[in-house]
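All residue numbers for the sequence shown refer to this note's numbering, where the first residue is 4 and numbers rise by one.
For every residue, glycine included, the Cβ atom is placed at its ideal position computed from N, Cα and C.
One structure is given below, encoded as C-alpha cells.
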Amino acid sequence: MTGWQVGIDIGGTFTDIVGARGAEFRTAEVPSRPADPVGSIFAALEAIGVAPGEIADLVHGTTRVTNAIVENKLEPVTLLATAGFEDIIEIGRQSRRDLYRLDVPPKPAPLIPAARRVPVAERMAHDGTTLRPLADLDTTIDAALATGTRSMAVMLLHSYVNPEHELALADRLRGRVPYLSLSHQVNPEAREYERCVATVLNAAVMPLAAEYLARLRAELPAEARLHVMHSAGGMASPEAAAERPLLMALSGPAAGVAAAAAAARETGEPALLSFDMGGTTTDVALILDGRAEITVDARLADQPLRQPMVAIESIGAGGGSIVQHGPGGLSVGPRSAGAEPGPACYGRGGTEPTVCDANAILGYLNPRRRLGGTITLDVDRATAAFTPLAEQLGLPVVELALGVLRVADATMARALNKITVERGVDGRGATLLAFGGMGPMHATGLAATYGITRVLVPHASSAFSALGCVAAEMSYTRQRTLRLPGEDFDAARLAAARAALMEELAAPLLAQGVSGEAIAAEETGLIRYRGQSYAVDVPLSGPADGPTLGAAFEARHRALFGFASGEAWEMLGLRLRLSAPRALDLAPPAPASAPPEPFATGPCWFTPGAPLPTPRYERSGLAPPLRIAGPAIIEDDWSTILVPPGWSATAQPGGHILLTREDA
Numbered sequence: 004m005t006g007w008q009v010g011i012d013i014g015g016t017f018t019d020i021v022g023a024r025g026a027e028f029r030t031a032e033v034p035s036r037p038a039d040p041v042g043s044i045f046a047a048l049e050a051i052g053v054a055p056g057e058i059a060d061l062v063h064g065t066t067r068v069t070n071a072i073v074e075n076k077l078e079p080v081t082l083l084a085t086a087g088f089e090d091i092i093e094i095g096r097q098s099r100r101d102l103y104r105l106d107v108p109p110k111p112a113p114l115i116p117a118a119r120r121v122p123v124a125e126r127m128a129h130d131g132t133t134l135r136p137l138a139d140l141d142t143t144i145d146a147a148l149a150t151g152t153r154s155m156a157v158m159l160l161h162s163y164v165n166p167e168h169e170l171a172l173a174d175r176l177r178g179r180v181p182y183l184s185l186s187h188q189v190n191p192e193a194r195e196y197e198r199c200v201a202t203v204l205n206a207a208v209m210p211l212a213a214e215y216l217a218r219l220r221a222e223l224p225a226e227a228r229l230h231v232m233h234s235a236g237g238m239a240s241p242e243a244a245a246e247r248p249l250l251m252a253l254s255g256p257a258a259g260v261a262a263a264a265a266a267a268r269e270t271g272e273p274a275l276l277s278f279d280m281g282g283t284t285t286d287v288a289l290i291l292d293g294r295a296e297i298t299v300d301a302r303l304a305d306q307p308l309r310q311p312m313v314a315i316e317s318i319g320a321g322g323g324s325i326v327q328h329g330p331g332g333l334s335v336g337p338r339s340a341g342a343e344p345g346p347a348c349y350g351r352g353g354t355e356p357t358v359c360d361a362n363a364i365l366g367y368l369n370p371r372r373r374l375g376g377t378i379t380l381d382v383d384r385a386t387a388a389f390t391p392l393a394e395q396l397g398l399p400v401v402e403l404a405l406g407v408l409r410v411a412d413a414t415m416a417r418a419l420n421k422i423t424v425e426r427g428v429d430g431r432g433a434t435l436l437a438f439g440g441m442g443p444m445h446a447t448g449l450a451a452t453y454g455i456t457r458v459l460v461p462h463a464s465s466a467f468s469a470l471g472c473v474a475a476e477m478s479y480t481r482q483r484t485l486r487l488p489g490e491d492f493d494a495a496r497l498a499a500a501r502a503a504l505m506e507e508l509a510a511p512l513l514a515q516g517v518s519g520e521a522i523a524a525e526e527t528g529l530i531r532y533r534g535q536s537y538a539v540d541v542p543l544s545g546p547a548d549g550p551t552l553g554a555a556f557e558a559r560h561r562a563l564f565g566f567a568s569g570e571a572w573e574m575l576g577l578r579l580r581l582s583a584p585r586a587l588d589l590a591p592p593a594p595a596s597a598p599p600e601p602f603a604t605g606p607c608w609f610t611p612g613a614p615l616p617t618p619r620y621e622r623s624g625l626a627p628p629l630r631i632a633g634p635a636i637i638e639d640d641w642s643t644i645l646v647p648p649g650w651s652a653t654a655q656p657g658g659h660i661l662l663t664r665e666d667a
C-alpha cells in the first residue's frame, strides 16, 4: 500500500492536519505548542492515526519565520555592503510612516547597528561593468569576522546584474560563518534599500529555520519526503527553504489561499474572496478566474520583504482575540489569548473576554462537543469573563456578546476593502469562501456587513490550510530586473535571462525526482511606461519581441486603468514560476442521500430580544441537493457553520456547503 500524503499547518492557536491515502481521507486539529512546534506535528499525526513510518510526503506550513520577524526575535547579523552604501539600511526611503503624527517614529529602527555594518571596497555600474575592482579583501573579511556574529548578509551595489564580487566574498566567508545570505540570490532586482532589507531578514531567520528544519528532518523517517510551503502558494524542498527562509514568511496563510484558488477553479467561481479566520488572525485574499494575485511589495513588521508572495491582507482578529474597551469604544484584537491559555470558555486558565467566548455565550458553539477531541467548552467561564465589561457598560452579557461580533465583522470588512475597493474591485458580487476554525461561524455576519450574498464553506474547512499544503504544487518563483527599452528591444537578452532563470528554478525540482516533461512554466513580464515607478504584470507566452510585448502591455494597461497612452515603455523585469502538479484525489466520501434529522435543538441569540430554537446538523450527513433554512447550525468535530435567520444552506458536490441570503 502506498504511503500517506500529509499536510500540516501550525497556526498560533491550533495545528491542523490532513492525511490522504487512496480513498482514505483524515483530518484533525490539535492545540499548537508554541515552545515545541515539532511536538505539535507529531501530536497531529497521532490525532489522525498515522505513524511517521507510513508517511510518503509531508508538506508543512508554519508561522515560525513570520512570528520571528513580527516579534523581532532575530539572529544578530553583520552586513557587508558597497563602501558608501553600508548605511542604506538606516537611511531607507526618507518617507514617514505617519505623515501627520510627530509622536510616531518616522520609520522602523535599523535592523543592524552601525558597528556591524562593514564597507566593501568595490563598485559595479548599473549595467554590470566593474567601476572599481574588489580590493582590501583580507581587511574586509577580518572586520566582518570580528563582529562575532554567525550570520552575515552581503549586499553589493548592482549585484543583481553582475554577482561576481558577491560570489568572491562568499567564497572567502564560506566555512568561516555558518549562515550566509547573498542579495543576488535573495532578491535579484533593483531597489537597493528593499534588496538590503530582504537580504538582512533572510540572514536573520536562517539559524531559526535551518535548525528547526534539521530537527524535523532528523525525527522523521528517512523515507518520508519533507516539503515546506512557501509564501507564493507552492511547496519547496527543505534545503531551498533553509537557504532562503524568507520564502517561508506567511507560508501558512498562503497554503489556505492556494486551496481557495483550487476551489474556485473546481466550482467555477469567477470572483472569490478567501476568508481564513483562525484563533489568532484573519487572512483575506482576492481570487479572480481561479488565480490568486502575486505581489512583491508585501511588508511584514513594516519591513519590505521583496519576495514573490500571495497578496494577503492579515489582521489580528481571530477567535482568540481579546475584547477591549477604550476611548474609541469596543475593539477586537490584536492581542490574543492564543493557544495558552486560550479563550475563557476553553477552561484552561483564560480570564479575558474573547470573540470565541462571545460565540459560546450566544449558543453557537456546542458545549457537548469536544473541540479537536480535547477541549470541552465551558459557557459559564465565558459568561464570567464577559460580566465585568458588561457591568461597566451597563449592558446584558448577551447584548454585549452580539455587539462584539458586530465589531469583529466590521474589523474584518475593512480588511476586505483593502483587497477589493482599494484595488478598484467591487467585491459585493464575489463569493466569500470561509474556512479556518472560526471562519464558517462568522461568514454570514461578515457577508451581511460587506454586502455579499453568497458564502461557500469548502470541504475540510477547519483544516483548509493543511489541505492546501497537501494539494499544493511543488513550485519555485523568481523575479529579475532587466530594464529592456521597448524602442530598441533586446530579445536575445530576454531569452538569455529566461534560460538562466529556467535552469536555476528547474534544478531543485529535478533534484526531487520531477521529470523535465512534467515541469510547467509561467512567465510574467513587468512592463511600465518610461518614468513610472511601478510596473504592470503582463503574462508572456512563447518567444517575445518588442511589438508583441508593447501590444500586450497596452492591452493590459487599458484593462487595469481604462486607458493606454502609447508612450515609450520598458520591460523592467521578468518573473518566472516553475511548477510540478500533483494528482491527488481529495474528495470526501459521499454522504447518505436521505435527508438528515437534527441531532439536537437549542437556544441561540441572533438579536437582543429572545433566543430562537436552533437545530443542529452533522455536516457529514448532508448530501446534494439538500437545503436547510436558517436558523440552523451545521457542525463537525472542529468547526461550526452558522446559518442565521434569512439565510439558507445547500449541500454541494465535493462536500462544499453554499450559504445564500434568501432576499438576494
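- Shortest Cα-Cα distance from E600 to any of W572, R630, W7 involves R630.
- Assignment of S277 by DSSP, reduced to helix, strand and coil, places it in the strand class.
- Of the candidates G331, G336, I325, L368, I325 places its Cα closest to the Cα of T354.
- Burial state of L485 is buried, judged by a 10 Å Cβ sphere holding 16 or more other Cβ atoms.
- A residue is called buried when at least 16 other Cβ atoms come within 10 angstroms of its Cβ; H328 does not meet this threshold and is exposed.
- Taking each of D145, Q655, A385 in turn and checking the Cα distance to C348, the smallest one comes out for A385.
- Within the region 443 to 499, the complete alpha helix (DSSP H) runs of at least 4 residues fall at 467 to 474.
- Residue pairing from DSSP places C607 in a beta bridge opposite L615.
- With fewer than 16 other Cβ atoms inside 10 Å of its own Cβ, G516 counts as exposed.
- Contact annotation: M251 and A206 have beta-carbon atoms that are not nearer than 9 Å.
- Around the beta carbon of I94, fewer than 16 other beta carbons lie within 10 angstroms, which makes this residue exposed.
- Within the region 394 to 440, complete beta strand (DSSP E) segments of at least 3 residues are found at 434 to 438, given in chain order.
- Contact between A437 and V407 is absent: CB atoms are separated by about 19 Å, not below the 8 Å threshold.
- The alpha helix (DSSP H) runs lying completely inside the region 205 to 286 and spanning 4 residues or more are 241 to 246, 254 to 270, given in chain order.
- Of the other Cβ atoms in all chains shown, fewer than 16 fall within 10 Å of the Cβ of H129; this residue is therefore exposed.
- Each of E167, R664, L661, P511 was checked against the Cα of A239, and the nearest Cα belongs to P511.
- With respect to the C-alpha of F17, the residue from R619, G345, L543, T452 having the closest C-alpha is G345.
- It is roughly 24 Å from the alpha-carbon of M441 to the alpha-carbon of F45.
- Around the C-beta of D19, 16 or more other C-beta atoms lie within 10 Å, and the residue is accordingly described as buried.
- When R228, A71, L148, E526 are compared, the shortest CA-CA separation from P542 is found for E526.
- Annotated three-state conformation of H328 is strand, per DSSP.
- Residue pairing from DSSP places G10 in a beta bridge opposite V21, V62.
- A contact between stretches requires three or more CB pairs, one per stretch, nearer than 8 Å, and the region 442 to 453 fails this requirement with the region 470 to 490.
- Measuring C-alpha to C-alpha distances from A652 to each of D493, A626, A173 identifies A626 as the nearest.
- Ranked by how close their Cα comes to the Cα of A469, the residues S334, I11, R218, V123 have I11 in first place.
- Of the candidates G576, E343, G545, Y532, the residue whose Cα lies closest to the Cα of D39 is E343.
- By the Cβ neighbour-count rule, Y537 is exposed, with fewer than 16 other Cβ atoms within 10 Å of its own.
- Taking the Cα positions, D493 is about 16 Å away from V164.
- With a cutoff of 9 Å on beta-carbon distance, A86 and R119 are scored as not near each other.
- Under the three-state reduction of DSSP output, Y367 falls in the coil class, being neither helix nor strand.
- Residue P248 holds the alpha-carbon nearest to the alpha-carbon of A212 among P443, P248, S234, A221.
- If you draw a straight line from the Cα of Y532 to the Cα of T298, it comes to about 19 Å.
- Burial is judged here by how many other beta carbons sit within 10 angstroms of a residue's own beta carbon; E506 has fewer than 16 and is exposed.
- Counting only the Cα atoms, A117 lies some 21 Å from L308.
- Note that the region 412 to 424 touches the region 276 to 293; at least 3 beta-carbon pairs, one per stretch, sit closer than 8 Å.
- In the displayed model, P337 falls within a strand according to three-state DSSP.
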